[in-house]
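Residue numbers (this note's numbering), protein chains in the order written: chain A, 1 to 336; chain B, 1001 to 1291; chain C, 2001 to 2422.
Glycine is no exception: its CB is placed at the ideal position from the N, C-alpha and C atoms.
Heads up: the structure comes next, in structure tokens.
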């Protein structure tokens, strides 16, 4: 509900366009974002059925994940197969803090962001001398390393995972799941705001230059090295932050889930389907794919469900490499 | 005791490494020579393993099945390249991101198709020599690893000869080096690339045979290999075929030594540490030329 | 696949378009409402081979409905795919309870996937049957949770104790423990070490290894060097195969009298078929094997019907390990519902604690944590396996039950090397 609403309230009044009037648009965006948060707050007070929040959490998490991935993958053109390495780093950072210090989620979030950002910097630094596909390969390696590391740390439960009870949520939220949902909604809004800021600022222009041609950008005086590192760090921080509430949501964490393929797959597929050039793309992709998958799991056989994702990926690469938004753009241009 | 451990760790490592090289060979051609990041190659290898398992269930030897299946895999590779080329190469330079996504989608489709056809059970083959070892002094080499390990040098040797001593082979290397120059000389680079891609796909069925002789295979088994296969190719250096086997063995021996003398639970991280170190320190690989 | 018919309702909920609609719908159908049993299955992902359990549950549902349902109401299954990942579990169980309004819950497969459900059912006070969830109620201690699998009390330490009892009975004192880095194997190994200590045995070797290890020669050489009497293995299907192959290739030494214990894999048809004679001599756990001490006409009939469905669907061809216990779970539910005349969690739980349940897999009484009061995990030795024909595993005498003594169907052949030759 919320994710859908966020598209409606925030995106539809302002179809995607290069920022001509940033001030005005930013005001609208801010109002939209606040409206989404307020709506989330109202929902926790009015809707009694907890399932809404369980399901909405998953979809809002997808939005944050897709947006985080897109900062690096969509804007800067560095494909990251290892979204789960960052997500997992965030999730385990939060779990560690919860276990060791009984930390509040509001402490876990910045900590996770720091760890994810640091990991992103490291990743960017290590693959500094290589481009494109090598980076993608490096990210696969990162997931395996992170996974192996967690398996070998007994304090984090290793392969068995660990069950932790989250501290009581603030009373006004109405319950743990409502609270965690609100936190995740906040993260998603923050992520989208961050993505949008990048998009309309000089940073975004730099990222686009990186994507077009790293060498040309370098020659034109774009600080490619710094930009690449900052893209890695920002993306890593958002992804890690997205992982942090997991332990509060599920009260359990284990490596196979956190480092599993399903999340990494969605992080890539969602921006690709929605459109990876601008911030509404990942949101559209996340809401769409999230809902279709939910519906598909119960209506058609599950194998077909994965097959569907594969076919959709191929179809979009073949027919609409810029996603749904790109498709709409092309159609609109065609009509004129 | 220590000597026994050490000798056998090296022996096992060499065999495992050689098998890694066999898995990575197709990637060394597509990625190393053609610069196509075919991350679906491990899925092709798994598909090859399934073909071998089906053949074996009728009583045929895995290697024989694999040799027969070379032709259909070659043809499938041609067709797949044609699809890929129509999609991207006509648009100009293939966007790495789109190419990776495409191959990712393809590997999902291949894996799921196998899953739907054969179910989730692991597939395996029956061959007489599995379960026995060749013993040379302290060294004992299980045939289960030894036979597949011998495939890699054979394949790589044949391919090397082909690339250096036949017209088409030299043309493939030329494509890797400078595509435009080749088209000036009157050869259609697209034909050559298609041919090379077909060869790469054909190696997948041999690698699949190697894989399934080593142990049971399930539809998603390819995922575990993607990283290792890329590690081998990157460490070898782009396009260096003999480098592939050296890199494979280097990784295999490191893993095996870690498993024997440190802790087996850290072994999976070895290949990837080597990969990341290579990317950071020597992106051109051990035997490659910096491009 | 039988899957919820409320496609529209779920679709709407998933898209977040109509949150209130399904609730209204449910109340509208309150009369002659079927009894709904909700569960999550791993239809995809790494655990998807466990989906054979659904067939067992469906056979039970068909049996019950053919006999007129429960309390005169038909039984309906509501199942979702959790993709073998913990992340899906909380929303699935909330959906089962809050949207689908199921009457009775079955846990997801295994302790890992069930971990997030345990606090949930405890908080909601729901009756739930645990499916192969070893010791998962030890943490939250729900009074309304019951195991369908016979792990027995204090399962974490004791479920595989039969192996150590056998070791003691043949005078084995030096134990080697090897485990995969996965949850079940890790728990089993930790429990095994405690059990060994209690029986006065010495753990002379312990090693864990990453899942999907394909070569065990280095590990087996290290292990052989410690000359153990018994080797307790906690492995998963791919590595079980590699390990058993490694046994023939590297050898295990003459000191070993007993080998096996907690290997997952040699319960499934595909692994049994692939390994064939290489299994001979291994003593491993199981929950059902077709020995004369266990087979009864209902079991035979169940397995026949299971096979008829499973083979065309390419599920586990034998169905000894998982499917019968989904049927058993159904029988536990049926017994409690019929006896209490309701689907009310508290009444059912009270009844279950007080009364034994007769099931396909034996009569079960439950302790305060919902575990079977009596451990009934089998330790069986593979004997006389020839070739790779799957049908031989349907015959008695191939997996001879050594423990528990009530079901004993033959004698241990040892030492291990001799048993392998036999």
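Asked                                                                                                                                                                                           : Found
What separation, rounded to the nearest whole angstrom, lies between the Cα atoms of residue 2065 of chain C and residue 2074 of chain C?                                                       : 6 angstroms
From the beta carbon of residue 2155 of chain C, is the nearest beta carbon of chain B less than 7 angstroms away?                                                                              : no
DSSP three-state label for residue 2233 of chain C, please.                                                                                                                                     : strand
Assuming residue 238 of chain A and residue 67 of chain A are in contact, meaning their beta carbons sit under 8 angstroms apart, how far apart are those beta carbons, in whole angstroms?     : 7 angstroms
Contact check, residue 2195 of chain C vs residue 2164 of chain C under 8 angstroms by CB: the rounded distance?                                                                                : 5 angstroms
Please list the partners that residue 2083 of chain C has in chain A, where partner means a Cβ-to-Cβ separation under 7 angstroms.                                                              : 262
Assuming residue 95 of chain A and residue 184 of chain A make a contact with CB atoms under 8 angstroms, what is their CB distance in whole Å?                                                 : No, residue 95 of chain A and residue 184 of chain A are not in contact; Cβ-Cβ is about 16 angstroms, not under 8 angstroms.
Inspect the beta-carbon positions of residue 2150 of chain C and residue 2181 of chain C and report whether they are closer than 7 angstroms.                                                   : no
If you reduce the DSSP assignment to three classes, tell me which class residue 2287 of chain C lands in.                                                                                       : coil
Name the residues in the segment 66-100 of chain A whose C-beta lies less than 7 angstroms from a C-beta of chain C; which are they?                                                            : none
Nearest chain C C-beta to residue 41 of chain A closer than 7 angstroms, yes or no?                                                                                                             : no
Tell me residue 2040 of chain C's beta-bridge partners as DSSP assigns them.                                                                                                                    : C:2080
One question on the structure: do residue 1227 of chain B and residue 1046 of chain B come within less than 7 angstroms of each other, judged by their Cβ atoms?                                : no
With the cut-off set at 7 angstroms, would you say residue 2350 of chain C and residue 2103 of chain C are in Cβ contact?                                                                       : no
Would you please state the rounded distance, in angstroms, between the beta carbons of residue 2071 of chain C and residue 2337 of chain C? I believe it to be under 8 angstroms.               : 6 angstroms
Say yes only if the C-beta of residue 2342 of chain C is nearer than 6 angstroms to one or more non-hydrogen atoms of the ligand GTP, and no if none qualify.                                   : The ligand content of the structure shown is nil, which means the ligand GTP is not present either.
Smallest Cα separation from residue 23 of chain A: which of A:200, A:118, A:59 and A:121?                                                                                                       : A:200
Compile a chain-ordered list of the residues in the segment 1024-1037 of chain B whose CB is closer than 9 angstroms to at least one CB of chain A.                                             : 1031, 1035 and 1037
Take the Cβ of residue 1086 of chain B as the centre, count every other Cβ of all protein chains shown within 10 Å, and call the residue buried at 16 or more, exposed below.                   : exposed
List the DSSP bridge partners of residue 2364 of chain C.                                                                                                                                       : C:2357
So, are the CB atoms of residue 1209 of chain B and residue 1018 of chain B less than 7 angstroms apart?                                                                                        : no
Just to confirm my understanding: we take residue 2157 of chain C, look at its own chain, exclude 5 residues before and 5 after, and list those with CB closer than 7 angstroms. What are they? : 2191, 2194 and 2195
Which bits of chain A does residue 2044 of chain C rub up against, with CB to CB less than 8 angstroms?                                                                                         : 302, 303, 305 and 306
Could you name the residues of chain C that residue 50 of chain A contacts, counting a contact when the two beta carbons are closer than 9 angstroms?                                           : 2094, 2097 and 2098
According to a CB-to-CB cut-off of less than 7 angstroms, which residues of the segment 1237-1267 of chain B neighbour chain A?                                                                 : 1265 and 1266
Buried or exposed: residue 2405 of chain C, going by 16 or more other Cβ atoms within 10 Å of its Cβ?                                                                                           : exposed
Three-state secondary structure (DSSP) at residue 2073 of chain C?                                                                                                                              : strand
Three or more beta-carbon pairs under 8 angstroms between the segment 1036-1052 of chain B and the segment 1148-1162 of chain B, yes or no?                                                     : no
When you compare only the Cα positions, how much space is there between residue 329 of chain A and residue 322 of chain A?                                                                      : 9 angstroms
So what's residue 2176 of chain C in DSSP terms, helix, strand or just coil?                                                                                                                    : strand
Please confirm whether residue 140 of chain A and residue 81 of chain A have their CB atoms less than 7 angstroms apart.                                                                        : yes
Using alpha carbons as the reference points, say which of B:1187, B:1181 and B:1177 lies closest to residue 1168 of chain B.                                                                    : B:1187
Determine, using beta carbons only, whether residue 159 of chain A and residue 2186 of chain C come nearer to each other than 7 angstroms.                                                      : yes
To the nearest whole angstrom, what separates the beta carbons of residue 2053 of chain C and residue 2326 of chain C, a pair I think is in contact under 8 angstroms?                          : 4 angstroms
Is the beta carbon of residue 1203 of chain B less than 7 angstroms from the beta carbon of residue 1026 of chain B?                                                                            : yes
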